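So the numbering used here is basically just the index in the sequence shown, starting at one, shifted up by 40.
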Amino acid sequence: MSNEKDKKHESEKPDFQEEELLEVEETVEEETVVITKEQELENKNAQLEEQYVRLLAEYDNFRKRSQKEKEDAWNRAKSDTASAFLPVYDNLSRALKQETEDKAYAKGVQMTMDQLKSILDKLSIEEIPALGEEFNPEKHNAVMHIEDENLGTNVVAEVFEAGFESNGKVIRFAMVKVAN
Numbered sequence: 041m042s043n044e045k046d047k048k049h050e051s052e053k054p055d056f057q058e059e060e061l062l063e064v065e066e067t068v069e070e071e072t073v074v075i076t077k078e079q080e081l082e083n084k085n086a087q088l089e090e091q092y093v094r095l096l097a098e099y100d101n102f103r104k105r106s107q108k109e110k111e112d113a114w115n116r117a118k119s120d121t122a123s124a125f126l127p128v129y130d131n132l133s134r135a136l137k138q139e140t141e142d143k144a145y146a147k148g149v150q151m152t153m154d155q156l157k158s159i160l161d162k163l164s165i166e167e168i169p170a171l172g173e174e175f176n177p178e179k180h181n182a183v184m185h186i187e188d189e190n191l192g193t194n195v196v197a198e199v200f201e202a203g204f205e206s207n208g209k210v211i212r213f214a215m216v217k218v219a220n
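Here you go:
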């Protein structure tokens, strides 16, 4: 009987071990599932964080590009407007160079020219310095050359039409006579 009991006892033992083993396996599987889900969530979080950073960078680039486009549009409009008024500036300059006995007329022309210059200054539109300066093909348009020993080489001897620039961009080149 003892032999039967031992066998029976032994047969129960493996069943008990199998149950423990099954419980351990289930626990390991559950932990693996939990770890896998945790990794999935971490990966998803990393992806969302990367998307957020990219979206933030894209928005920042969009904002900068929009600001630059707005500034460029303003500068273009300002340059176009100034270009439309430059013939008026030229005519006032010619009128001021003419001799007249009518002092009131001369004063009115001078006041009009001063007002136009004031407006151009407010728009940050500056006259390009030319007379007595060294010829600069990026700002001056040479229409005549003269030989003058009193002036150095490539020096602007006379300005026929004033040039203008805004923010370093030439609106109109100065039309000049250059000494060789």
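Don't be surprised by glycine CBs; every beta carbon is placed ideally from N, CA and C. For clarity, every value in this text was computed on a predicted model and none was experimentally measured.
Looking at the backbone, the Cα of L126 and that of E187 are separated by about 30 Å. One thing to note: A182 has its Cβ within 8 Å of the Cβ of V218. A Cβ-Cβ distance of about 6 Å is found for the pair N194 and E174, placing them in contact under the 8 Å criterion. Under the three-state reduction of DSSP output, A146 falls in the helix class.
DSSP lists K217 as the bridge partner or partners of M184. CA-CA distance, A122 to H180, rounds to 18 Å. The C-beta of I165 has 16 or more other C-beta atoms within 10 Å across all chains shown, which makes the residue buried. Of the residues assessed, A170 falls on the buried side of the cut-off, its CB having 16 or more other CB atoms within 10 angstroms. If you check the CB distance, A214 and E198 do not come in under 8 Å.
Three or more beta-carbon pairs drawn from the region 153-164 and the region 128-140 are found closer than 8 Å, and the two stretches are therefore classed as touching.
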